[in-house]
Structures are given as C-alpha cells and as structure tokens.
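Quick notes on the structure that follows.
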Amino acid sequence: MEKNLLELSQDLNRMVAADQLIEAAEKYYAPNIQTIEFDGRITKGKQAAMKKLTDFVASIQKVNEITLLRSASYDNTSFSEYILDLDMKDGSNVYLHEIVRSLWANGQVVEEAYFKG
C-alpha cells in the first residue's frame, strides 16, 4: 500500500531530526529534484543536489541541535519548520530557523525551497 503524503513527510522529518540528512535525501529526492536556496540559487537534478548536500554535511564539525518545530501537509505540498544549530569545521556557528517547502510527486520530493524563519 502506498504511503500518503503525511506519512512520507513525517518519515522524512524524522530522518532529518535524527541527523540523517543525506540518507533522507537519498530516499526521498526524485531524480529531477530542484532545490531553491534562501538567495534564489537553484540546483537541478538529484546528482547536483546530493553533491551540494554532501559538501554541506562534510563541512559540519558538530551538530548541536536539529529540532522539528512543526510540520503540515496538504495536497502535494509539505512544510517543515526546523531549528538547526551547527558548529562548522571553519570555526563558525550556523544557527538557522528554517522553513522547508517540499513539492511531492509519486512519493518523492520534486522541489524543495528553503526560507528563513
């Protein structure tokens, strides 16, 4: 039986909150995914999106916090609000209050946009 959007979104959020960012993307990103950054930069295709994510994760020294604050889903769209607190290898700290809007098709994320909360 195919999972509904709420179940898919909850599983993705569970993985992200458990610091399984790469595994979640591997599982849920569609081959034709498009990601849109805060500044409007667009990454097209799973290979490019995975490279961007893998490079970002590799730059993290320590994950202090990844907390899912709330989520919602409707039709083919899910929203997730996170707090991320990361110590980076360059000595900086990244603290994000981030909202992720995901568009889904056939059980996979085809577009993911990131917004500052």
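Each residue of the sequence shown is one higher than the last, beginning at 14 in the working numbering.
C-beta: ideal position from N, C-alpha, C; glycine also.
Note that the coordinates shown come from a computational prediction; the quantities given were computed from them, not determined experimentally.
With M101 and I79 assumed to form a contact (beta carbons below 8 Å), what rounded beta-carbon distance in angstroms separates them?
Position 88 of the sequence shown, counting from 1, holds the residue named residue 101. Position 66 of the sequence shown, counting from 1, holds the residue named residue 79. With a Cβ gap of about 14 Å, M101 and I79 do not count as contacting.
My assumption, with CB atoms under 8 Å, is that S93 sits in contact with V76. Please give the rounded CB distance.
As a position in the sequence shown, residue 93 is number 80, starting the count at 1. As a position in the sequence shown, residue 76 is number 63, starting the count at 1. With a Cβ gap of about 17 Å, S93 and V76 do not count as contacting.
According to the Cβ coordinates, are S105 and Q23 closer than 9 Å?
Here residue 105 corresponds to residue number 92 of the sequence shown, with the count starting at 1. Here residue 23 corresponds to residue number 10 of the sequence shown, with the count starting at 1. Result no, Cβ atoms of S105 and Q23 do not sit closer than 9 Å.
Considering only DSSP beta bridges, list what F128 is partnered with.
To locate residue 128, count along the sequence shown from 1; it is residue 115. Per DSSP, I112.
Considering only the alpha carbon of each residue, which of K16, I49 and A37 lies closest to F128?
If you number the sequence shown from 1, residue 128 lands on position 115. Comparing Cα positions, the closest option is I49.
Going by CA-CA distance only, name the one from S115, W117, A126 and G130 that's closest to L109.
Taking the sequence shown and counting its residues from 1, the one referred to as residue 109 is at position 96. L109 has its Cα closest to that of G130, out of S115, W117, A126 and G130.
Looking at the structure shown, is D88 part of a helix, part of a strand, or coil, going by DSSP?
In the sequence shown, counting from the first residue as 1, residue 88 sits at position 75. Reduced to three states, the DSSP call for D88 is coil.
Roughly how many angstroms lie between the CA atoms of D68 and D88, to the nearest whole one?
Residue 68 sits at position 55 when you count from the first residue of the sequence shown. Residue 88 sits at position 75 when you count from the first residue of the sequence shown. D68 and D88: Cα-Cα distance of roughly 32 Å.
Considering Q47, what are the terminal residues of the beta strand (DSSP E) in which it resides?
The residue you call residue 47 lines up with position 34 of the sequence shown. Its beta strand (DSSP E) spans residues Y42 to I49.
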